[in-house]
Every structure is written in C-alpha cells, then in structure tokens.
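Here's the structure, in structure tokens; my notes come after.
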Amino acid sequence: MDLLKHLRYFVAVARTEHIGRAAEELDLAQPALSQRVKALEAHLGVPLVEKAGRGIRLTHAGHRVAERAAAVVDSADGLANGLVDVDADAIPVGVPATLTPARLHAMATALDQALTPRNCVLQPIPAAERGAALRAGRVAAALLPTPGAGDLSLPLGIALPPRHPLAGMPALHPSDLSEHRLLILDEDAGLREVLTAELDRHGYDPGGCVWDTPPTAALARALAGEPCLTDPRHALDGGLHWIPLVGLDLRRRLNLVWRAGTGPGEPSRAVAALAATLEGDVAPRSTPRPSQPAATVAQIRDVWRAVGVVGGLHARDLRSGAMLAVDADDAWPMASVAKVPLGIALHRAADAGLLGLDQALTLRPDGRTSGTTGISAMADPVRLSLRDALYLALTISDNAAADAIWDTLGADRVQHLLRQVLPPDQVRLGEATRDLYDRLTFGGSLDGPYACRATAAGATRMLELIWSDQAASPAACAAIRDLMRRQVWAHRLASGFPAADLDVAGKTGTAGDHRHEIGVVSYPDGRRYAVAVFTRLQQETPHHRWDWAIGETARLAVNALRRRDSDD
Numbered sequence: 066m067d068l069l070k071h072l073r074y075f076v077a078v079a080r081t082e083h084i085g086r087a088a089e090e091l092d093l094a095q096p097a098l099s100q101r102v103k104a105l106e107a108h109l110g111v112p113l114v115e116k117a118g119r120g121i122r123l124t125h126a127g128h129r130v131a132e133r134a135a136a137v138v139d140s141a142d143g144l145a146n147g148l149v150d151v152d153a154d155a156i157p158v159g160v161p162a163t164l165t166p167a168r169l170h171a172m173a174t175a176l177d178q179a180l181t182p183r184n185c186v187l188q189p190i191p192a193a194e195r196g197a198a199l200r201a202g203r204v205a206a207a208l209l210p211t212p213g214a215g216d217l218s219l220p221l222g223i224a225l226p227p228r229h230p231l232a233g234m235p236a237l238h239p240s241d242l243s244e245h246r247l248l249i250l251d252e253d254a255g256l257r258e259v260l261t262a263e264l265d266r267h268g269y270d271p272g273g274c275v276w277d278t279p280p281t282a283a284l285a286r287a288l289a290g291e292p293c294l295t296d297p298r299h300a301l302d303g304g305l306h307w308i309p310l311v312g313l314d315l316r317r318r319l320n321l322v323w324r325a326g327t328g329p330g331e332p333s334r335a336v337a338a339l340a341a342t343l344e345g346d347v348a349p350r351s352t353p354r355p356s357q358p359a360a361t362v363a364q365i366r367d368v369w370r371a372v373g374v375v376g377g378l379h380a381r382d383l384r385s386g387a388m389l390a391v392d393a394d395d396a397w398p399m400a401s402v403a404k405v406p407l408g409i410a411l412h413r414a415a416d417a418g419l420l421g422l423d424q425a426l427t428l429r430p431d432g433r434t435s436g437t438t439g440i441s442a443m444a445d446p447v448r449l450s451l452r453d454a455l456y457l458a459l460t461i462s463d464n465a466a467a468d469a470i471w472d473t474l475g476a477d478r479v480q481h482l483l484r485q486v487l488p489p490d491q492v493r494l495g496e497a498t499r500d501l502y503d504r505l506t507f508g509g510s511l512d513g514p515y516a517c518r519a520t521a522a523g524a525t526r527m528l529e530l531i532w533s534d535q536a537a538s539p540a541a542c543a544a545i546r547d548l549m550r551r552q553v554w555a556h557r558l559a560s561g562f563p564a565a566d567l568d569v570a571g572k573t574g575t576a577g578d579h580r581h582e583i584g585v586v587s588y589p590d591g592r593r594y595a596v597a598v599f600t601r602l603q604q605e606t607p608h609h610r611w612d613w614a615i616g617e618t619a620r621l622a623v624n625a626l627r628r629r630d631s632d633d
C-alpha cells in the first residue's frame with residue numbers, strides 16, 4: 066500500500082465529508098475512492114467513516130486520523146518542495162519509522178548542525194529493513210536496534226488517548242492492562258522474547274499482544290482506544306498520552322552505525338544531536354481522571370451472579386483514601402477472618418504489659434479445637450508460645466492455636482482491647498472458633514448473637530490501621546503484616562493479582578456456605594490497596610469457581626481505584 070497516497074485521499078474525504086465531491090476533486094471514480102478508504106481502514110484496523118443518511122460522517126477515530134493525516138501530507142509536500150535545495154552530497158540516514166514529520170524535521174536540523182558543512186536526509190525505514198539498507202549502500206548510516214547498551218535508549222511505556230479510563234494514572238503496572246489488547250510496534254520485533262517473558266511475569270498474558278503493528282496503524286488504533294507500547298516521543302507527537310510502566314524497565318536501544326568509510330570525523334556529535342531530539346525529558350500530559358464506579362460495581366455483581374454467590378466488597382486506597390463499595394456496610398460472619406482482629410487484641414495486650422508473647426502454652430489433644438490444619442490435627446500434646454500460636458493462626462488458619470489465644474486473653478479482654486481501635490458495628494469478636502463449630506454441629510446457624518462479625522468497610526478500616534501502625538504499636542503492626550504475607554493460601558485474593566512483583570498479604574475465612582478473604586495488595590509504585598470480599602453461596606458451584614470470583618472481584622475493584630483519585 067502507498068500509505069501517503071491513501072492518506073492524501075482520506076484527507077480529501079474528511080474535508081468534504083462526501084465521497085462523491087472528494088472523488089471529483091481527486092479526479093477519481095467514486096467506487097475507486099471508496100475502495101481506497103476501506104483499504105486504509107483495514108490497514109489501520111479502525112473504522113474511519115460511517116453512513117449518515119445519504120452521505121457519510123467521520124467516526125471519532127476518523128477525526129483523529131484526519132488531523133494526523135493532514136499534517137503528514139503537508140509535511141510530505143513541504144519536503145518535496147524543498148528537495149531542490151538539498152545538497153547532492155547530503156548523507157542519507159535510515160531512522161525508525163515511528164518518527165512523525167515534525168520529529169524528522171527536528172532531527173534533520175540537529176544533525177545538519179552536528180555534521181556541518183554536510184547535510185543529511187533522513188529516511189524512515191522499518192527496523193527489519195534498516196540493516197539491509199545500510200549493507201546495500203542505500204543509506205550511509207542507520208539507527209539499528211541493539212540488545213545491549215546503545216547510543217540511544219528510549220523508555221517504552223503505554224500510549225493512550227487522553228480520555229481513556231487508564232490515561233489519568235501516573236504510572237501503569239502491566240497487570241492494569243489485563244482487560245485490553247496491547248499493540249506492539251514492528252520496530253520492537255527484536256524484543257519479542259524479552260517482552261513475552263517480562264509481561265507474563267508481571268501479570269499480563271502475552272496472548273493479548275498484537276505483534277508487529279506498523280507505527281502509523283498503531284497510532285490510529287491507539288487513538289481509538291487500544292493501548293500501545295511505544296516511546297514517549299512517538300506517543301506525544303501523535304497526540305497520545307504516554308504513561309510509564311512501573312515494575313519493569315523496557316527500553317528500545319539503538320546504535321548509530323555508519324557504513325565503512327562514510328562516518329564523520331566526530332561521530333559522537335551526531336549521536337548527541339539525535340539524543341537531544343529523542344531522549345529529552347517528556348512529561349506526561351495531565352489528564353482528568355475519569356471515574357467509573359457504577360460500571361465496576363455492575364461488573365462485580367455480574368461475576369457473583371455468574372458463579373452463584375452474593376457478596377459484600379470494600380476496597381480502599383491506603384494512600385489517597387479513595388474507596389469502592391458494594392454492599393460494604395452489611396455485617397457478615399467472619400469465620401477465620403476473625404483471627405486478624407484476634408491478633409490485634411493479643412498484640413495490644415502485650416503492648417500494655419498484660420502478658421508476654423513468649424508465654425508458654427501446652428495444648429493437649431483432648432481439649433483442643435478441631436480442625437484440619439496445624440495443632441488442630443495433631444495427635445500429641447504441643448507446647449508453644451503465644452507468639453507462635455498467632456503464627457499458626459494467621460499463616461495456616463490453625464483453629465486450636467487461635468482458641469488458645471482467645472482462652473488466654475478471655476472474651477471480655479479481647480472485646481475491650483478491640484473496641485479501643487474499632488467500633489463493634491464494624492468489627493466484633495463474640496466467640497471462640499469451637500463455639501461456632503459446636504453450634505454448626507448441632508444444626509445451628511453460622512450467624513448468631515455472639516458470632517464474630519464484620520462489615521467489608523470495617524475490615525478494610527482494620528487493615529488500614531494495621532498498615533499505618535495504628536492498630537497497635539509499630540512493631541506489633543509490622544509483625545501482623547508479616548504473618549499475613551506468609552499465609553499459605555493463594556487461591557482466592559492472590560489469584561486476582563498473580564504478577565511476581567505484586568505483594569498480597571491476606572487472611573481467608575471459610576465456614577459452611579461462606580467464603581471470604583481480606584488483605585492488602587501492594588504495587589511496585591508504592592501504592593497499596595486494602596480489600597475485603599465476603600461471599601455466601603446461593604446455588605451449587607465448584608469451589609475453584611467460587612474462589613476465583615473472590616480474586617476476580619478484588620482485581621476489578623483495585624483496578625478501578627487505580628484509575629481514579631477519590632470516591633464518588
């Protein structure tokens with residue numbers, strides 16, 4: 066395809082908004098012009114025009130492409146008109162095809178100054194062809210991709226239209242893109258193996274990548290809303306918002322290579338000139354952050370409905386205070402989630418000098434709470450400290466260890482210590498685990514007047530207090546955070562955040578027809594999110610689907626918070 070010619074045709078169509086008048090202006094048959102517009106749409110991968118009565122009108126993408134196409138055509142005409150002034154001894158230099166006409170002009174000017182008295186002519190050539198052009202002598206020099214340290218190093222981030230839901234974020238983690246296809250330029254074909262491994266490790270399925278996308282088509286598709294991996298200059302010169310990636314350092318590295326016998330006396334001056342026009346600081350454009358809580362809440366309810374559960378959810382940005390809630394003020398029986406506030410009560414008692422965490426306990430088989438893990442399942446007497454009992458309670462949800470802590474403190478003291486930091490209508494501990502199991506054994510309800518209960522909003526407030534060192538002493542809060550990070554279960558909350566560089570600290574709860582988890586998700590950019598998901602089964606469903614729904618709804622909530630500043 067002669068892309069410049071097709072863009073010239075489309076500029077005429079956009080200006081007249083009429084195929085017939087544009088065809089007359091271009092001295093083309095109307096069907097031929099229609100076919101050329103369709104060919105351009107197929108090449109760019111986006112619709113540019115749509116029917117409107119007896120005529121046509123531009124789509125949103127069509128308006129944006131028309132603006133860029135007009136600039137390209139004008140620049141090409143200007144270049145052609147100026148060729149008569151080009152020195153016959155000008156140096157042809159092969160450069161990436163990602164450069165816009167304005168950027169090419171800036172680079173040519175900088176190179177001319179660096180190579181005085183000689184001039185240069187820049188030739189945009191795809192990466193796969195630049196090396197061959199240099200070897201064949203069609204260019205005297207070329208910017209060639211290199212896997213190691215290069216003369217130029219361009220950071221790769223995400224290009225998006227300014228009104229895209231993700232465009233307001235100061236940085237993106239690859240997992241933020243999990244619901245989108247990702248355009249990869251043909252310029253970066255040599256990075257395919259690296260990109261595949263890094264994106265997969267950071268929570269983005271490489272199967273969503275659209276490889277070898279031509280730069281012009283990538284700009285058009287990005288303007289229509291598809292995220293594109295590219296450098297800042299390519300994005301911003303194309304009218305897009307550029308957002309850096311956090312958690313990984315992806316770069317397009319290029320060497321300026323000269324054909325033997327053609328290089329200047331001081332090649333470093335040419336490199337410096339190119340660096341000044343390509344590597345200069347590029348500040349991301351500020352964009353209002355759209356908030357879409359209603360859409361996210363609907364998605365969360367759809368997930369629960371599809372799996373056959375009802376739920377309550379609350380997510381809280383621990384830096385900004387932004388929140389997302391779905392029935393977050395309804396109280397739920399906590400099941401083993403109650404072991405987190407029990408840990409707070411134990412540490413507050415130790416902080417007050419009421420007991421020592423090294424106090425020894427002896428738990429005998431005939432007096433221990435039943436369970437399937439840890440001491441609950443052991444056959445012989447076990448001796449351990451209160452500190453180690455909490456370790457077992459939080460990491461493997463050991464019921465016997467948790468009830469040993471409860472018995473040591475006593476119900477009144479547990480409730481008093483907890484009320485010092487959390488109101489009982491948000492988080493309340495009313496009974497030991499064995500009391501819950503006894504009630505269930507004799508046909509009672511999971512809920513009840515003495516049940517351990519919490520709202521989803523209360524649970525994230527509790528996590529906020531732990532992560533801000535307000536639930537107990539700083540050392541105590543750090544110890545609880547550490548134990549929650551060591552929890553062995555990764556099939557619920559953590560399943561929504563599989564990237565290797567995301568930290569998930571949580572605590573599950575399971576009893577009867579209830580499955581829950583609360584926790585904090587930490588990103589490499591320093592942002593942390595407290596999440597609580599409480600669910601109850603309404604219709605028979607496989608356990609793995611139920612667990613997946615907890616992780617998936619947590620992911621939806623956190624992604625929504627990462628896209629906006631504050632709660633509505």
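Quick note on numbering: the sequence shown equals residues 66 to 633 in our numbering.
By construction, the Cβ of each residue, glycine as well, lies at the ideal position given by its N, Cα and C atoms.
- Apart from sequence neighbours up to five positions away, the residues of its chain that approach residue 289 with a beta-carbon distance below 6 Å are 111, 126, ordered along the chain.
- Looking at the backbone, the Cα of residue 71 and that of residue 105 are separated by about 6 Å.
- Residue 314 counts as exposed, since fewer than 16 other C-beta atoms from the protein chains shown sit within 10 angstroms of its C-beta.
- Excluding sequence positions up to five before and after residue 529, its CB lies within less than 7 Å of the CB of 381, 383, 595, all in the same chain and listed in chain order.
- Three or more beta-carbon pairs separated by less than 8 Å are not found between the region 563-573 and the region 431-448, which leaves the two stretches without contact.
- For residue 547, the enclosing alpha helix (DSSP H) covers residues 539-550.
- Annotation: the continuous alpha helix (DSSP H) that includes residue 409 extends over 404-416.
- DSSP places residue 184 in no alpha helix (DSSP H); its state is neither H nor E.
- The three-state secondary structure of residue 470, taken from DSSP, is helix.
- Put simply, of 221, 626, 372 the residue whose alpha carbon is nearest the alpha carbon of residue 250 is 221.
- Burial is judged here by how many other beta carbons sit within 10 angstroms of a residue's own beta carbon; residue 120 has fewer than 16 and is exposed.
- Beta-bridge pairing by DSSP links residue 531 to no other residue.
- Three or more Cβ pairs closer than 8 Å define a contact, and the region 183-199 meets that threshold against the region 153-173.
- According to the DSSP assignment, residue 581 belongs to no alpha helix (DSSP H) but to the beta strand (DSSP E) extending over 579-587.
- Residue state for residue 594 is assigned as strand, using DSSP reduced to three classes.
- Residue 557 carries a coil assignment under DSSP once its states are collapsed to helix, strand and coil.
- Residues 324 of the same chain have their beta carbon placed closer than 7 Å to that of residue 202, with the five preceding and five following residues left out of the count.
- When the five nearest sequence neighbours on each side are left out, the beta carbons in the same chain lying within less than 6 Å of the beta carbon of residue 223 are those of 237, 292, 308, in order along the chain.
- Contact between the region 510-519 and the region 483-498 is present, with at least three C-beta pairs closer than 8 Å.
- When only Cα atoms are considered, residue 451 and residue 421 end up about 8 Å apart.
- The C-beta separation of residue 78 from residue 114 comes to about 7 Å, placing the pair in contact by the 8 Å criterion.
- By the Cβ test, the region 479-486 is not in contact with the region 423-434, since fewer than three Cβ pairs between them sit closer than 8 Å.
- In the three-state reduction of the DSSP assignment, residue 219 falls in the strand class.
- Burial is judged here by how many other beta carbons sit within 10 angstroms of a residue's own beta carbon; residue 239 has at least 16 and is buried.
- 585 is the residue among 548, 122, 585 whose C-alpha sits nearest the C-alpha of residue 557.
- Residue environment analysis places residue 592 among the buried positions, since at least 16 neighbouring C-beta atoms fall within 10 angstroms of its C-beta.
- In the displayed model, residue 601 falls within a strand according to three-state DSSP.
- Rounded to whole angstroms, residue 98 and residue 74 show a C-alpha spacing of 7 Å.
- Three or more pairs of CB atoms, one per stretch, sit closer than 8 Å, so the region 613-628 contacts the region 224-235.
- Taking a contact as a CB-CB distance under 8 Å, the pair residue 597 and residue 379 counts as one, their CB atoms being some 5 Å apart.
- As a beta-bridge residue in DSSP terms, residue 374 pairs with 602.
- For residue 605, the CB contacts under 8 Å within the same chain, skipping 5 residues up- and downstream, are 373 in chain order.
- Listed in chain order, the beta strand (DSSP E) elements of length 3 or more contained wholly in the region 92-134 are 114-117, 120-123.
- In this structure, residue 342 sits away from residue 549, with a CB-CB distance that is not shorter than 8 Å.
- Rounded to the nearest angstrom, the gap between the Cα atoms of residue 131 and residue 302 is 15 Å.
- Checking the DSSP bridge columns, you'll see residue 210 partnered with 319.
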